[in-house]
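Engineer:
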Amino acid sequence: MQQKRIVAVHLLNDFSGSPLILKQSLAILASHYEAHIFTSTPSGSGFLSGNPALHYHPIFYRWSTNKFLTLLYFSFAQLILFCRLLIFLKREDILYINTLLPAGAAIAGKLKGCQVTWHIHEVSLKPILLRKLLTNIALKTGDRFICVSSFVAKHFNFPPGKTAIIYNALGTDFTANADCLLPFIDRDKIPFTVLMACSLKKYKGVFEFVEIARLLPEIEFILVLNAEPEKVLSFKKQVRVPSNCNVLSVQKEMVPFYSQAHLILNLSLPPLWIETFGMTILEGMYMGLPAIVPPIGGICELVTEGVEGYRIDAGNINNIKNAIHHLHTHRDVYQKLSDAAIAKAAEFSQEMFKHKIKNLFLANPVKQELHHGIFFH
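The sequence shown begins at 220 in our numbering and counts up by one.
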């Protein structure tokens, strides 16, 4: 008997959070389904690359600093996805849409009568009209929705009976690498260091990070950007990075950077961008790093004010500077937050993620699932 197929679609395969989570899901599901992935990888590699258990179907898409060009690329990708999947899909396939972006694939899946599952990671898509359009397409085509936090579920208000909240989890590769290093980390012997890892976007607070570094010359800062070296070089020239701030291009392995740091930051700027979870924050917490995060969004479900770190608006640079200085000079407070961060991160285990993903996809068909309590809201 031929194995049932699961067809995943993700627009841009890079080293950001959403393809990492899809990688984890497909690692679980590929042993139960014939797994296919439609994605673009303009940089040549990403979290979804190189899995021998997956059947790859490359598509064209890329991001540009020119908004109109990006919109053109996006529209073309939707058309190509719709046409290719309309031909490729079978009625009995499960279509797994990662993020709100691959709407063309979802429309094709709906027309072919497939079971369509959306995994929703974002709430801050721009322009607003595009976000509304994609949300409406999701509502019209989706049989079930996975939300990465309670914040996301409340924001979209998808039908409760079709909505599952499945928090992102630490990958086994990450925890294995981290566990090898953790026994050898002695942060008392290295300079106090603040780390942030994010995309090279203004709304991610990259300019604020550099300015905070400038205000605290006695502290080391590391900024790891999900961008190519030439773009990072251009950014460094633009902002005149101070000598205590090391700005790096995209890294495949973040564990060494977490091991060198004392504190991890997320400086996203609401309402321009609202974090729905915060994977790098969770990874940092697992390695004992307290966190400073925005006071709004799903990321607040990781950090309670004054427990695992602080919730501070990135626009309040002086408040963030003062919080960093306080942790630098009060090691007893720092250690208390560090211990709490480790305990919190332990709640987001791969075992729990695996259990919920398997229940969602491998239990009875959708109509029966709704009567067995698999979905919750």
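Here a beta-carbon is modelled for each residue, glycine too, at the ideal position from N, C-alpha and C. Quick caveat: nothing in here was measured; it's all calculated off a predicted structure.
Consult DSSP for Phe595 and reduce its assignment to one of helix, strand or coil.
Structural biologist: Low local confidence applies: a pLDDT of 39 at Phe595 is under 50, so the model's placement there is unreliable, and no value is given.
Engineer: Assign Ala518 to one of three DSSP states: helix, strand, or coil.
Structural biologist: Rather than Ala, the amino acid found at residue 518 in this sequence is Ile. Reduced to three states, the DSSP call for Ile518 is helix.
Engineer: Can you give me the C-alpha to C-alpha distance between His276 and Phe567, rounded to a whole angstrom?
Structural biologist: Going from the Cα of His276 to the Cα of Phe567 covers about 31 Å.
Engineer: Quick one: give me the first and last residue of the alpha helix (DSSP H) that Ala372 is part of.
Structural biologist: Per DSSP, Ala372 belongs to the alpha helix (DSSP H) from 369-375.
Engineer: Do you know whose CA, among Asp398, Ile365, Phe393, Phe377, lies nearest Ile385's CA?
Structural biologist: Considering only alpha carbons, the answer is Ile365.
Engineer: Does DSSP put Asn583 in a helix, a strand or coil?
Structural biologist: Reliability of the predicted coordinates at Asn583 is poor, the pLDDT of 48 falling under 50, and no value is obtained from them.
Engineer: Quick one: grab the DSSP three-state call for Tyr275.
Structural biologist: Three-state DSSP puts Tyr275 in a strand.
Engineer: Using the Cβ count rule (16 or more neighbours within 10 Å means buried), how would you classify Ala562?
Structural biologist: Under this definition Ala562 is an exposed residue.
Engineer: Would you mind listing the beta strand (DSSP E) stretches within the stretch 470-528 that are 3+ residues and don't spill past its ends, in chain order?
Structural biologist: Counting whole runs of 3 or more residues, the stretch 470-528 contains the beta strand (DSSP E) stretches 482-484, 510-512.
Engineer: Is Leu444 closer than 8 Å to Cys464 when the C-beta atoms are compared?
Structural biologist: Their beta carbons are not under 8 Å apart, which means Cys464 does not touch Leu444 by this criterion.
Engineer: Check each candidate in Leu300, Thr354, Ile347, Thr548 and name the one with the smallest Cα separation from Glu437.
Structural biologist: That would be Thr548, whose Cα lies nearest to the Cα of Glu437.
Engineer: Is the separation between the beta-carbon of Ser368 and that of Thr523 shorter than 8 Å?
Structural biologist: Contact: no.
Engineer: Note down, in chain order, each residue of its chain lying with its Cβ closer than 6 Å to the Cβ of Asn232, except the 5 sequence neighbours on either side.
Structural biologist: Here the set comprises Pro238, Thr258, Thr260, Gly265, Leu267.
Engineer: Straight-line CA distance for Pro475 to Leu401?
Structural biologist: Roughly 10 Å separates the two Cα atoms.
Engineer: Once DSSP output is grouped into helix, strand and coil, what is the label at Ile438?
Structural biologist: In the structure shown, Ile438 sits in coil (DSSP, three-state: anything other than H, G, I, E or B).
Engineer: If you follow the beta strand (DSSP E) that Arg363 is in, where does it begin and where does it stop?
Structural biologist: Unbroken beta strand (DSSP E) run through Arg363: 363-366.
Engineer: Tell me, please, which residues DSSP counts as bridged to Thr318.
Structural biologist: According to DSSP, Thr318 bridges with nothing at all.
Engineer: If distances are taken between C-alpha atoms only, which option among Gly525, His574, Ile531 comes closest to Tyr553?
Structural biologist: When only C-alpha atoms are compared, the closest one is Gly525.
Engineer: Spell out the partners DSSP gives Leu414 in its beta bridges.
Structural biologist: In DSSP, Leu414 forms a bridge with Ile441, Ile483.
Engineer: Here's a check: name, in chain order, each residue in its chain whose Cβ is nearer than 6 Å to the Cβ of Ser244, leaving out the five neighbours to either side.
Structural biologist: Taken in chain order, the residues that qualify are Ile576.
Engineer: Of the choices Leu486, Met506, Ile500, Met498, whose alpha-carbon is the least far from that of Ile536?
Structural biologist: Per the Cα distances, Leu486.
Engineer: Whole angstroms are fine: how far does the CA of Lys540 sit from the CA of Thr336?
Structural biologist: So the alpha carbons of these two residues sit roughly 42 Å apart.
Engineer: Helix, strand or coil: how does DSSP classify Ala542 here?
Structural biologist: Ala542: helix per DSSP, three-state reduction.
Engineer: Are three or more beta carbon pairs between the stretch 369-389 and the stretch 408-425 nearer than 8 Å?
Structural biologist: With the cut-off at 8 Å, the stretch 369-389 and the stretch 408-425 do not touch.
Engineer: Count the other C-beta atoms from every protein chain shown that fall within 10 angstroms of the C-beta of Lys223, then say buried if there are 16 or more, exposed otherwise.
Structural biologist: Lys223 comes out exposed.
Engineer: Which residues in the same chain have their Cβ closer than 6 Å to the Cβ of Arg406, if we skip the five residues on either side of it in sequence?
Structural biologist: Here the set comprises His481.
Engineer: Only counting the same chain, and skipping five residues up and downstream in sequence, which positions put a Cβ closer than 6 Å to that of Thr175?
Structural biologist: Residue 175 cannot be examined here, being either before or after the span of the chain that is shown, 220 to 596.
Engineer: Quick check on the DSSP output: the alpha helix (DSSP H) that includes Gln297 runs from which residue to which?
Structural biologist: Looking at the DSSP string, the run of the alpha helix (DSSP H) that includes Gln297 is 286-307.
Engineer: Go through its chain and collect everything with a Cβ distance to Gly507's Cβ below 7 Å, but skip five positions before and after it.
Structural biologist: Cβ neighbours of Gly507 beyond the five flanking positions: Ser557, Ala560, Ile561.
Engineer: Quick check on His340: buried or exposed, where buried means 16 or more other Cβ atoms within 10 Å of its Cβ?
Structural biologist: His340 should be labelled buried.
Engineer: Assuming contact is defined by CB atoms lying nearer than 8 Å, are His229 and Leu241 in contact in what I supplied?
Structural biologist: A contact, by the Cβ cut-off of 8 Å.
Engineer: Is it buried or exposed, Gly390, if we count other Cβ atoms within 10 angstroms and call 16 or more buried?
Structural biologist: Gly390 should be labelled buried.
Engineer: CA-CA distance, Cys399 and Gly332?
Structural biologist: Rounded to the nearest angstrom, the two C-alpha atoms are 47 Å apart.
Engineer: For Val342, does the three-state DSSP call read helix, strand or coil?
Structural biologist: In this structure, Val342 counts as coil in the three-state DSSP scheme.
Engineer: Do the CB positions of Val425 and Leu442 come within less than 8 Å of each other?
Structural biologist: A contact, by the Cβ cut-off of 8 Å.
Engineer: Quick one: Cα of Arg530 to Cα of Phe307, how far?
Structural biologist: Between Arg530 and Phe307, the C-alpha separation is close to 46 Å.
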